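Plus 1432 on top of the position in the sequence shown (first one is 1) and you've got the working numbering.
Everything below concerns the one structure shown next.
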Amino acid sequence: MHISKFRISQAATGQVRIVAQKAGLTPNLVCRMAMLVSFEAGPVSGTSSESQDGQEFNAYTLFGDFQPIFLDMLRFVEFGSNPADVDDSVLLDRLRLHIDRGIRQLSVRIKSPADAAELLAGSA
């Protein structure tokens, strides 16, 4: 699967802006952190009820050169080591849910650039 553009929810867009300001990071880096924090918490349940009318990212801006790695991590977290063929729309929906969940977690954990640095260093 190859993604060229990806849109997050409107609610996540507002939270990304707030966390990015507090952390001193760009929104794409905050979304990467949100994905990883959420992946660490395990699979998400349900489907996205949020609309997809939030901020849009070019895939390269969001993932960098690591798009295949992020998508493989998503497949592993959601479907284990032997994922069956999963529709791309389901994967994108799950990715959006992970970003939403991760942003909610980051908004509680990051209050300053120092908090972001600690989280990135693995000591938070």
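Idealized CB from N, CA, C, for every residue including glycine.
Computed from a prediction, not measured in an experiment: that's the story for all the values here.
Pairing ILE1542 with ALA1466 gives a Cβ-Cβ distance that is not under 7 Å.
Per DSSP, reduced to three states, the secondary structure at LYS1454 is helical. A direct Cα-to-Cα measurement between PHE1498 and HIS1434 gives close to 12 Å. Here VAL1448 is near VAL1462, since their CB atoms are less than 7 Å apart. Straight through space, the alpha carbons of ASN1514 and VAL1522 are spaced by roughly 16 Å.
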